[in-house]
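Residue numbers (this note's numbering): 10 to 256.
The structure appears right after this line, and notes come after that.
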Ligand SMILES: [Zn+2]
Ligand SMILES: [Zn+2]
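Shown next as structure tokens:
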């Protein structure tokens, strides 16, 4: 089964399964009741019940009671880049992100990207953040991309691009097959990510949002941001669906 899962044949097979699945009635990812529309993977009740906090700190994503950009801690040591997320990496958003990670399904990506788009639209309307000229999805190493058959950050970026009318810039690649960052110490993480990315095409524009599924330690996003800034001095924002909770 493992060989099958890693093969191109499997990915083609799975794309076919997804095509059929998206054209037939299916169960809500959270409550298993039938969804109202074939194009939806959440029923209306579960979608309405998804957690959404009105204001989050743009440094560490903790909930705020008023429309401030940053919490007290982040005001004292301001972040290098603004972090925009839909909320915390917890049930039920956690389950939706895992569903996306294991199935190459654009309709599931839409369900999670909708939540993040809501936050971004709110921040753009309040002129709290600048509208990026381009989106860049955090790339996977080709080997990982081949094994998984898709990059979930790409799926999310494509949805956000459509919803917010911002083009995607495909300009960087991942050079190293890096180990999972979470299991490493800070020093190991730095070494692991050293020269992890390279720029393959010229970068244009002034403001760029880097898109990923979850913000955990942030080291991957920071490394990609540094690589981009070495190539061109641009303003960078981090856009992720969720942020793992601070300890
Ligand atoms: Zn439901
Ligand atoms: Zn903060």
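The C-beta atom is built at its ideal place from N, Cα and C for all residues, glycine as well.
The beta strand (DSSP E) enclosing residue i, as first and last residue numbers
i	result
residue 117	Counting along the chain, residue 117 falls outside any beta strand (DSSP E), though it belongs to the alpha helix (DSSP H) covering 115-134.
residue 246	244-252
Near ligand 1: residue i beta-carbon under 8 Å from a heavy atom
i	result
residue 100	no
residue 229	no
residue 39	yes
residue 124	no
residue 51	yes
residue 168	no
residue 55	yes
residue 139	no
Residue i CB to nearest heavy atom of ligand 4 below 8 Å
i	result
residue 68	Inclusion of ligand 4 in the displayed structure is not the case, the ligand content consisting of ligand 1 and ligand 2 alone.
Cross-strand partners of residue i (DSSP beta bridge)
i	result
residue 111	DSSP, once it has assigned bridges, lists no residue as partnering residue 111.
heavy atom of ligand 2 below 8 Å from residue i C-beta
i	result
residue 208	no
residue 80	yes
residue 83	yes
residue 129	no
residue 175	no
First and last residue of the uninterrupted alpha helix (DSSP H) at residue i
i	result
residue 236	228-240
residue 297	Here the chain has residues from 10 to 256 only, and residue 297 is not among them.
Inset, instruction - Please list the segments of the alpha helix (DSSP H) lying wholly inside the segment 17-103, counting only runs of 4 or more residues, in order along the chain. - result: If you keep only unbroken alpha helix (DSSP H) runs of at least 4 residues inside the segment 17-103, you get 17-32, 53-57 and 81-85.
Inset, instruction - Specify whether the segment 203-219 and the segment 67-83 touch according to this definition: at least 3 beta carbon pairs, one from each stretch, less than 8 Å apart. - result: Because the criterion of three Cβ pairs below 8 Å is not met, the segment 203-219 and the segment 67-83 do not touch.
Inset, instruction - Mind the definition here: the segment 34-53 touches the segment 214-224 only if three or more C-beta pairs lie below 8 Å; say whether that holds. - result: A contact between stretches requires three or more CB pairs, one per stretch, nearer than 8 Å, and the segment 34-53 fails this requirement with the segment 214-224.
Inset, instruction - Decide if the segment 90-99 is in contact with the segment 145-157; the criterion is three or more beta carbon pairs, one per stretch, under 8 Å apart. - result: Output reads no: the segment 145-157 does not touch the segment 90-99.
Legend entry - Runs of beta strand (DSSP E) wholly within the segment 161-191 (minimum 3 residues, chain order): Those beta strand (DSSP E) runs which fall completely within the segment 161-191 and span 3+ residues are 181-183.
Inset, instruction - Count the C-beta pairs between the segment 150-159 and the segment 119-132 that are closer than 8 Å, then say yes if the count reaches three, no if not. - result: No: fewer than three Cβ pairs fall under 8 Å.
Inset, instruction - For the segment 126-142 and the segment 170-185, state whether three or more C-beta atom pairs, one from each stretch, are separated by less than 8 Å. - result: Taking one beta carbon from each stretch, the segment 126-142 and the segment 170-185 have 3 or more pairs nearer than 8 Å; the two touch.
Inset, instruction - Decide yes or no for the touch test of the segment 104-111 against the segment 79-88: beta carbon pairs closer than 8 Å, at least 3 of them. - result: Short answer: they don't touch.
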